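In this text, residue positions in the sequence shown follow this note's numbering: the first is 5, and each later residue adds one. Just so it is clear, CB atoms sit at the ideal spot from N, CA and C, and this is done for glycine as well. Since the structure is predicted, the reported quantities are computational estimates derived from the model, not experimental observations. Some notes on the structure that comes next.
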Amino acid sequence: MVDHLSDENIDAILSSIKKEKPAPYKIGKERTVNNYDFKKALRFSQDQIRTLTRIHENFARLLTSYFSTQLRTYVQLTVTGVEQYSYEEFIQNIEKNSLLGVFEASPLPGSMVMEFSPDVAYVMFDRLLGGQGNALNKTSDLTEIETSIIERVFVKALDCFQEAWTSVIRLSPSLKEIEVNPQFLTMSPPNETVIMVSLHTKIGDVEGVINLCLPHLVLEKVLPKLSARHWLANQTKTKENHEVAALEKKLQSTKMSVKAVLGQSSINIEDFLNLKNGDVIRLQESFSDPVTVLVDEKQKFFAQAGVSKGRLAVQITDVQTQEDDSDGNW
Numbered sequence: 005m006v007d008h009l010s011d012e013n014i015d016a017i018l019s020s021i022k023k024e025k026p027a028p029y030k031i032g033k034e035r036t037v038n039n040y041d042f043k044k045a046l047r048f049s050q051d052q053i054r055t056l057t058r059i060h061e062n063f064a065r066l067l068t069s070y071f072s073t074q075l076r077t078y079v080q081l082t083v084t085g086v087e088q089y090s091y092e093e094f095i096q097n098i099e100k101n102s103l104l105g106v107f108e109a110s111p112l113p114g115s116m117v118m119e120f121s122p123d124v125a126y127v128m129f130d131r132l133l134g135g136q137g138n139a140l141n142k143t144s145d146l147t148e149i150e151t152s153i154i155e156r157v158f159v160k161a162l163d164c165f166q167e168a169w170t171s172v173i174r175l176s177p178s179l180k181e182i183e184v185n186p187q188f189l190t191m192s193p194p195n196e197t198v199i200m201v202s203l204h205t206k207i208g209d210v211e212g213v214i215n216l217c218l219p220h221l222v223l224e225k226v227l228p229k230l231s232a233r234h235w236l237a238n239q240t241k242t243k244e245n246h247e248v249a250a251l252e253k254k255l256q257s258t259k260m261s262v263k264a265v266l267g268q269s270s271i272n273i274e275d276f277l278n279l280k281n282g283d284v285i286r287l288q289e290s291f292s293d294p295v296t297v298l299v300d301e302k303q304k305f306f307a308q309a310g311v312s313k314g315r316l317a318v319q320i321t322d323v324q325t326q327e328d329d330s331d332g333n334w
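What follows is the structure in structure tokens.
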């Protein structure tokens, strides 16, 4: 027999269904989605950016040392950024009245730019010309003297650039021109990716920036070498080479005693005890025999005795070879 639900039972069932709340839907962890600008292609990996940062931190230290010596005042340079931009963005961000040094670095192709902000450039002029290091508010073109001065500064800065890159590649930087109008710089297409290295620069109480613009097309050849592993390996090798060079330099300045021996003889003790003024000791060598030259008590050269500028002197006539040395002094 089939049981039928009464109206009360049906109402009770419907009421219980309405009271039950659906289980909340669990939303996963929210993901951050970044916009991608297809016009601004990122062609350098983070590993390459880190290597470029290390290279130019060394560049900043070298420049700090050079500027401190030349300007005779407190100078501090620090890397504040190594970023990828389009060449057009770099040009647009150049500060008005900046000095731009365009240079090449063989064997890399193309050109790069070193930018001195106005405050940095003109405080250098003031210090190098004997001033106190005040920033100048200059808007006119550079004079011939100012151009000559800043050219020398750029050339010395490129020497530091060359040394900083030694651990990656041996470069030969050369300054092409100095420009004050960035619109005249057409070394790369507007959309070409460039690396901009920013160095915060403090000279005395004046602060400014020195920027480097390194196009991707220029660095493309060395990109495989811009890895942390390759850079560290070359740093170790470069350090060893510097240590060897420093040791050689120190050895080259080491003092050595040099003696010229006219001749030798032998006498007995009785004759030695009876020696007095005017006695003559006959030597084994004849008048025409060469003089023996000792270096640190070891026979190294043969020479001819004579006089030079009123002083006794010897002129080297021959180098003693190992075969000539019967005493094993070589």
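Ordered along the chain, which non-local residues of its own chain (more than five positions away) have a Cβ less than 6 Å from that of residue i?
{"i": "ALA264", "result": "VAL295, VAL297 and VAL318"}
{"i": "GLU85", "result": "First, the residue type needs correcting, since residue 85 is Gly and not Glu in the sequence shown. Counting only Cβ-Cβ distances below 6 Å, and skipping sequence neighbours, we find SER202."}
{"i": "LEU230", "result": "GLN52 and THR55"}
{"i": "GLN166", "result": "LEU175 and PRO177"}
{"i": "SER290", "result": "none"}
{"i": "ALA109", "result": "LEU175 and PRO177"}
{"i": "ILE285", "result": "SER269"}
{"i": "LEU368", "result": "The chain is shown only over 5 to 334; residue 368 falls outside these bounds and no answer can be derived."}
{"i": "ASP322", "result": "PHE306"}
{"i": "VAL79", "result": "THR68, PHE71, SER72 and ILE207"}
Return helix, strand or coil for residue i, following the three-state DSSP convention.
{"i": "LYS206", "result": "strand"}
{"i": "VAL184", "result": "coil"}
{"i": "ARG286", "result": "coil"}
{"i": "PHE48", "result": "coil"}
{"i": "ASP145", "result": "coil"}
{"i": "GLY332", "result": "Low confidence applies here, because GLY332 scores a pLDDT of 46, under 50, leaving its location unreliable and the question unanswered by this model."}
{"i": "THR258", "result": "coil"}
{"i": "GLU119", "result": "strand"}
{"i": "VAL79", "result": "strand"}
{"i": "ASN219", "result": "It should be noted that the sequence gives Pro, not Asn, for residue 219. Residue state, collapsed to three classes: strand."}
{"i": "VAL172", "result": "coil"}
{"i": "SER19", "result": "helix"}
{"i": "LYS302", "result": "strand"}
{"i": "PRO177", "result": "strand"}
{"i": "LYS229", "result": "helix"}
{"i": "GLU99", "result": "coil"}
{"i": "LYS160", "result": "helix"}
{"i": "SER90", "result": "strand"}
{"i": "GLN74", "result": "helix"}
{"i": "SER110", "result": "strand"}
{"i": "SER269", "result": "coil"}
{"i": "LEU382", "result": "This structure does not reach residue 382, given that the chain is present from 5 up to 334, and the question cannot be answered."}
{"i": "GLN308", "result": "strand"}
{"i": "LEU4", "result": "With the chain represented from 5 up to 334, any question about residue 4 goes unanswered, as that position is not in the structure."}
{"i": "LYS253", "result": "helix"}
Is residue i close to chain B? Criterion is C-beta to C-beta, closer than 9 Å.
{"i": "GLY314", "result": "Considering every chain present, this structure includes no chain B. It has just one protein chain."}
Which same chain residues, not among the five before or five after residue i, have their C-beta less than 8 Å away from its C-beta?
{"i": "MET5", "result": "Model confidence at MET5 stands at a pLDDT of 46, short of 50, so the residue's coordinates are unreliable and nothing is read from them."}
{"i": "ILE320", "result": "VAL297, PHE305, PHE306 and ALA307"}
{"i": "ASP15", "result": "none"}
{"i": "ALA168", "result": "ILE59, HIS60, ASN62, PHE63 and LEU66"}
{"i": "SER10", "result": "none"}
{"i": "ARG315", "result": "none"}
Hey, quick one: how far does the alpha helix (DSSP H) through residue i stretch, first residue to last?
{"i": "SER292", "result": "Premise fails: SER292 is in no alpha helix (DSSP H) and is neither H nor E."}
{"i": "GLU4", "result": "Nothing about residue 4 can be read from this structure; the chain reaches only from 5 to 334."}
{"i": "ARG131", "result": "122 to 132"}
{"i": "LEU277", "result": "273 to 277"}
Thinking just about the alpha-carbon of each residue, which of the options is nearest to the one in residue i?
{"i": "HIS60", "options": "MET200, VAL226, THR321 and PHE306", "result": "MET200"}
{"i": "TYR91", "options": "ASP300, THR151, SER192 and GLU181", "result": "SER192"}
{"i": "ASN138", "options": "SER72, SER110, ASP145 and ASP209", "result": "ASP209"}
{"i": "LYS100", "options": "ASP123, ALA168, ASN13 and THR147", "result": "ASP123"}
{"i": "TYR70", "options": "VAL284, LEU227 and VAL159", "result": "VAL159"}
{"i": "THR190", "options": "ILE95, GLY310, GLU155 and ASP322", "result": "ILE95"}
{"i": "ILE198", "options": "THR258, ASP11 and SER49", "result": "It should be noted that the sequence gives Val, not Ile, for residue 198. When only C-alpha atoms are compared, the closest one is SER49."}
{"i": "PRO194", "options": "ILE207, LEU255, GLU93 and GLY310", "result": "GLU93"}
{"i": "GLN136", "options": "ILE207, THR147 and GLY310", "result": "ILE207"}
From which residue to which residue does the beta strand (DSSP E) around residue i run?
{"i": "VAL323", "result": "315 to 323"}
Take residue i and list the residues in its own chain whose beta-carbon comes closer than 7 Å to its own, dropping the five residues that flank it on each side.
{"i": "ILE17", "result": "none"}
{"i": "GLU181", "result": "VAL106"}
{"i": "HIS220", "result": "ARG47, GLU196, THR197 and VAL198"}
{"i": "GLN288", "result": "GLY267, GLN268 and SER269"}
{"i": "THR151", "result": "ILE182"}
Looking at C-beta atoms only, is the number of pairs between the region 176 to 195 and the region 91 to 108 that lie closer than 8 Å three or more? yes
So, does the region 158 to 176 touch the region 76 to 84, judging by three or more C-beta pairs under 8 Å? no
Evaluate contact between the region 117 to 129 and the region 214 to 228, counting only Cβ atoms and requiring at least three cross-stretch pairs below 8 Å. yes
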